[in-house]
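This report concerns only the one structure given below.
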């Protein structure tokens, strides 16, 4: 599951499982940025702003 707010098995969460969930969530978010980057570069070609500014 990519959304940490959907965790419902709180009794079985350990540091290891939480770390895995965070890493999976980060991977999902990073993959979604690929689309935003292309859209931003199409709209503002040659921009020197960073990915954080794009979002």
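Numbering (my numbering), first residue to last: 5 to 59. Ideal Cβ placement from N, Cα and C applies to all residues, glycine included.
For residue 51, the three-state secondary structure derived from DSSP is coil. Straight-line measurement puts the Cα of residue 35 at about 16 Å from the Cα of residue 45. The straight-line gap separating the alpha-carbon atoms of residue 49 and residue 39 is approximately 15 Å.
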